[in-house]
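Q: Sharing a structure with you now.
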Amino acid sequence: MADNQTKNSKFFDEGKNLSELFNEAMNLRGLDVKKLSELTDIPVHYLAALSDGDPAKLPAVPYVRGYLIKTAEALRVDADLLLRAYKQEVLFRALKTSGPEDKLPSNRFTLGTPSRRRTFIVIGIILILVVVYFIWQIDNFLGTPKIQIFSPAADNLIVNSPSIKLSGEVNSKDKLTVNGEEILVEKNGQFQKDFSLQPGINTIEFKAKRFLGKEVKVIRQVIYQP
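Per this note's numbering, residue 1 is the first one in the sequence shown, and the count goes up by one each step.
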């Protein structure tokens, strides 16, 4: 291959520009830009720009160098000959330089720019804090609630008044009901409610329910004797 390239290079006048050298090499091989594109996988419009001597339509410099090397291999000419001609044109023409549109695709598995890495770090820290907070508060969500009844203090309490003041304490985050009616709980967990009595035995059911946890019941019976 090297001998063929050296031999073919003798037919070219190094005083010619890149377009002239490129077209002369294609003619010697009996190729056009379409066939050369099939051999090299270089887009036809870039090869046409080389053939027409229109550098404004060429990509950034690093790409052109790679295209010239592949083209030289396909045309069996000395790549240095084409590269020298290209460098001479670069000195006299304002060729396109690499910009945002010419960047090679980034690896989608990398973290990218420092700002993006910082974003991932911040998100990671937030997730860790959420997990720690959930573990710390897990008893408030999944635990077993507790009820402490102050009044009536004992079961089967006998009273002669038609009402009684119920009171006690639960976790303020638990839901409290008395005989199915939800009762307001203060921030300190204490509650009070006036409860009307019927003559005879009155059954009072205190029920506390944790958000995602269990439910507990405490039953008191009060005997009203008018």
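Here a beta-carbon is modelled for each residue, glycine too, at the ideal position from N, C-alpha and C.
Between which residues of its own chain and residue 185 is the CB-CB distance below 7 Å, once the five residues before and five after are set aside?
A: Counting only Cβ-Cβ distances below 7 Å, and skipping sequence neighbours, we find 170, 172, 176, 191.
Q: Provide the residue(s) that pair with residue 224 in DSSP beta bridges, ordered along the chain.
A: Paired residue(s): 159, 200.
Q: What separation, rounded to the nearest whole angstrom, lies between the Cα atoms of residue 34 and residue 78?
A: Approximately 21 Å between the Cα atoms of the pair.
Q: Is residue 224 buried or exposed, if buried means 16 or more other CB atoms sit within 10 Å of its CB?
A: That one is buried.
Q: For the alpha helix (DSSP H) containing residue 58, list its first residue and its last residue.
A: Segment: none, residue 58 is in no alpha helix (DSSP H) and carries neither H nor E.
Q: In or out: residue 68 buried (at least 16 other Cβ within 10 Å) or exposed?
A: Residue 68 should be labelled buried.
Q: Measure the C-alpha to C-alpha separation of residue 98 and residue 32 and round it to an integer number of angstroms.
A: Note that residue 98 scores a pLDDT of 47, beneath 50, so its modelled location is shaky; the value from the coordinates is reported in the next line. Taking the straight line from one Cα to the other gives about 28 Å.
Q: Short check: CB of residue 162 to CB of residue 222, under 8 Å?
A: Cβ atoms of residue 162 and residue 222: not closer than 8 Å.
Q: Residue 117: buried (16+ other C-beta within 10 angstroms of its C-beta) or exposed?
A: It is exposed - the Cβ of residue 117 has fewer than 16 other Cβ atoms within 10 Å.
Q: Determine, using beta carbons only, whether residue 81 and residue 28 come nearer to each other than 8 Å.
A: Not a contact, by the Cβ cut-off of 8 Å.
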